[in-house]
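One structure below.
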Amino acid sequence: MDVPKDFQNRLEEFIASALREDIGDGDHSTLACIDPDAKGKAILKIKDNGILAGVDIAEKIFQFLEPTAVVTKFLHDGDSVTFGQEAFEVSAKISTILSCERLVLNCMQRMCGIATLTRKYTERLKGYKTKLLDTRKTTPNFRLIEKEAVKIGGAFNHRFGLYDMIILKDNHIDFCGGIINAIDAAYEYVHLKDIGLKIEVEARSLEDVEKIIRNGKADRIMLDNFSPEKIRDAMKMINGKFETEASGGITFDNIKEYAATGVDFISSGAIIHQATSLDLSLKAELAQ
């Protein structure tokens with residue numbers, strides 16, 4: 662799935678909302694003791710090993726409050742980092758640095774953790790055609806940032822929300838009275854609205870796979886909670902006529918077994934919701 666066309670607008674809205682949440686009617690700690698015109702520098706220090714993510718976001722945050730702030734990058738998003746390295750230097754008003762510090766660290770630490778875990782998963786898929794996808798199991802109002810970290814880690818974004826792809830999952834199917842009813846209704850809806858959305862359908866059994874194939878109106882079949890052996894059976898039935906996605910029960914330890922089935926995609930919520938933030942700090946650079 663491509664980055665939303667309004668990514669920059671969404672990012673600005675996110676930054677504005679996050680800063681409003683943190684600063685409120687004023688950063689009184691800074692206002693109390695810092696000359697509002699004083700300039701300064703700070704260094705982003707790495708205190709953990711992993712994959713760097715969020716440098717470009719950090720630059721946007723500083724420049725949101727102060728467009729002339731300068732971020733000098735020593736390392737870049739996607740770089741492998743180790744304890745003791747420095748990622749960037751920011752030169753700006755001291756008040757800007759202090760007011761943005763927590764948001765920058767919150768974003769980067771979370772993004773680095775996701776990118777690091779994602780990279781570990783994608784390394785396991787080397788040599789296979791299977792692509793790793795994220796899911797909608799994200800932190801509310803933080804999805805844009807988390808999905809950007811997934812890309813930095815080497816995986817791919819699934820849909821961004823409920824609006825950019827149709828996925829008929831178990832509850833849709835059950836509430837609709839069956840898998841064929843759900844597919845037919847979705848197919849008619851997409852063509853009636855002329856919205857050009859792909860239709861993905863969750864299969865819970867090989868019988869479901871057979872029904873989806875026979876119906877022929879879906880674009881992708883999600884093989885949910887299938888064992889690798891069962892996926893191989895499904896892949897023979899599908900025979901390349903639909904995109905395929907494996908989901909559910911897939912871990913770091915068994916992801917290679919699933920990739921070996923030849924499935925097109927593996928989706929994993931774990932690369933986001935099980936990620937552990939990396940330790941980073943932003944430290945004032947004082948004149949010698």
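The sequence shown lines up with residues 662 to 949 when you count with our numbering.
Note that CB positions come from ideal geometry on N, CA and C, so glycine has one too.
Bear in mind the structure is a predicted one, so any value in this text is a computation, not a measurement.
Cβ distance (whole Å) where D738 is taken to contact D717 below 8 angstroms: Within the sequence shown, the letter at position 77 stands for residue 738. Within the sequence shown, the letter at position 56 stands for residue 717. Indeed, because the Cβ distance is near 6 angstroms, the residues count as touching under 8 angstroms.
Proximal residues to T733 (C-beta, below 7 angstroms), its chain only, five neighbours per side dropped: As a first step, residue 733 is located in the sequence shown; it is residue number 72 there, counting from the start. These residues qualify, in order along the chain: F749, E750.
For G774, the nearest candidate out of T791, I707, D894, S760 (CA to CA): Working through the sequence shown from its first residue, we reach residue 774 at position 113. For the residues T791, I707, D894, S760, the minimum Cα distance to G774 belongs to I707.
For L941, three-class secondary structure by DSSP: Residue mapping note: residue 941 aligns to position 280 of the sequence shown, counting from 1. It is a strand residue.
Beta-carbon proximity list for A936, same chain, < 6 angstroms, skipping 5 on both sides: Walking along the sequence shown from the start, residue 936 turns up at place 275. So the list reads G774, I775, L778, once near-sequence residues are dropped.
Contact the stretch 905 to 913 vs the stretch 866 to 882: 3+ CB pairs below 8 angstroms: yes
Three-state class that DSSP yields for V924 in the structure shown: Position 263 of the sequence shown holds residue 924. Of the three classes helix, strand and coil, the one that applies to V924 here is coil, per DSSP.
Cβ-based burial, H852 [other Cβ within 10 Å; buried from 16]: As a first step, residue 852 is located in the sequence shown; it is residue number 191 there, counting from the start. Classification of H852: exposed, given that the 10 Å Cβ count is below 16.
Distance, I911 Cα to T800 Cα: Taking the sequence shown and counting its residues from 1, one reaches residue 800 at position 139. Taking the sequence shown and counting its residues from 1, one reaches residue 911 at position 250. Each residue's alpha carbon lies about 21 angstroms from the other.
Continuous beta strand (DSSP E) assignments of at least 3 residues falling wholly in the stretch 805 to 849: 827 to 829
beta-carbon G815 near the ligand ADP non-hydrogen atom, thresh 6 angstroms: This structure lacks the ligand ADP; in fact it carries no ligand of any kind.
Pairwise C-alpha distance: I755 and I695: The count along the sequence shown starts at 1 and reaches residue 695 at position 34. The count along the sequence shown starts at 1 and reaches residue 755 at position 94. Taking the straight line joining both Cα atoms gives about 7 angstroms.
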